[in-house]
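Residue numbers for the sequence shown, in mature numbering (1 follows the signal peptide of the UniProt record, and there is no 0): -19 to -1, 1 to 240. The structure appears right after this line, and notes come after that.
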Amino acid sequence: MIKHVIALVLMAFGAVAQATEWRDNPAITQLFKKEGVTGTFVVHDVALDTNTGHDRQRAAKRFIPASTFKLPNSLIALSTGAVASVDEIVPYGGKSVARPEWARDMGLREAIKMSNVPVYQEVARRIGRERMRSALVRLNYGNMDTGTVVDRFWLDGPLEISALEQTVFLARLAQGQLPFENVHMDAVRAIARQDGPAELYAKTGWGKRPGQPDIGWWVGWIKKDGKLYTFALNIDIPDGSNDKRVSLAKAALQSLGLL
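Printed below as a string of structure tokens:
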């Protein structure tokens, strides 16, 4: 029954994605060429229902979401009561961590800014696989597949999402159109807000793929002159260190006059 529901949702999304106009942007393509980066960038103009960007084919290809999943993970945690608020202190677990700043307990408001993986893994364990799986179907998030390991599925797979799907999900979150309580969507929007004068909300992601280049993400939305634009960038990071995610995406937004 669940597989049947998922298939219907995917068909519905496919019809919507096909209906949205795509416009290649030579300036953004030139930015990718100048940086020598393989990847895609797409901006969705919510009011006009148009997509503008670079490499439409890759924009439709799914990849592991990595830490961009902290946005839906936060929403699901709040909606299920896995955390009472974004400021409830969550233990990181005390084990060895990849980054020293992760080695302390903290709430989601702080954890999302430093992309604290252990804290969000604890949150996922509290949610549990069945509730997580059900929530992903309600969100129509990527392929909605949690697999069998509740605290790794967004890092190692099988969960995958495309850049185009990211922009659709983010538009619904930004507008309060997801099937969750407004108070919880408000809280997630608040912790995604970026510092600076622009009304910009975003989340990075970096995932490792065995035998392939690392995958880097920067996704979010921006409000400009009363209009809403969602965006998603993903790029290959071959050497695992030359990180151009945010700088390249910001340059693309600037080229469109959005930042």
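Ideal Cβ positions, reconstructed from N, Cα and C, are used throughout, including at glycine.
Judged by beta-carbon spacing, Val104 lies beyond the 8 Å limit of Gly88, meaning their Cβ atoms are not closer than that value.
For a cut-off of 8 Å, the C-beta gap from Thr1 to Asp36 is around 16 Å, too long to register as a contact.
Apart from the 5 residues on each side of it in sequence, Arg107 sits with its Cβ closer than 6 Å to the Cβ of Ala63 in its chain, given in chain order.
In the structure shown, Asn32 adopts extended strand secondary structure according to DSSP, grouped into three states. Taken atom to atom, the span from the alpha-carbon of Thr21 to that of Arg39 is near 6 Å. Look at Arg85 here: in three-state DSSP terms it is coil, with no helix or strand label. In the same chain as Asn124, and ignoring 5 residues on each side of it, the C-beta atoms closer than 6 Å to its own belong to Glu141, in chain order.
Contact between Ser77 and Phe161 is ruled out by a C-beta separation of about 34 Å, above the 8 Å threshold. Judged by DSSP in its simplified three-state form, Asn215 adopts strand. Apart from the 5 residues on each side of it in sequence, Gln147 sits with its Cβ closer than 6 Å to the Cβ of Val200, Ala213 in its chain, given in chain order. The alpha-carbon separation between Asp206 and Gln156 amounts to approximately 16 Å. Annotated as distal: Thr185 and His25, with beta-carbon spacing of 8 Å or more.
Between Arg90 and Ile172, the CB-CB gap stays under 8 Å.
Going by DSSP, Lys205 is part of the beta strand (DSSP E) stretching over 195 to 205. In the DSSP secondary-structure assignment, His25 is bridged to Asn32, Thr211.
DSSP, reduced to helix, strand and coil, places Arg226 within a helical segment of the structure shown.
In the DSSP assignment, Arg4 falls within the unbroken beta strand (DSSP E) covering 2 to 5. Rounded to the nearest whole angstrom, the CA to CA distance from Asp5 to Gly34 is 5 Å. In the DSSP assignment, the residues bridged to Ile142 are Phe44. It is roughly 13 Å from the alpha-carbon of Gln193 to the alpha-carbon of Ile45.
Sorting His165, Ala28, Trp3, Leu12 by C-alpha distance to the C-alpha of Ile216 places Leu12 at the top.
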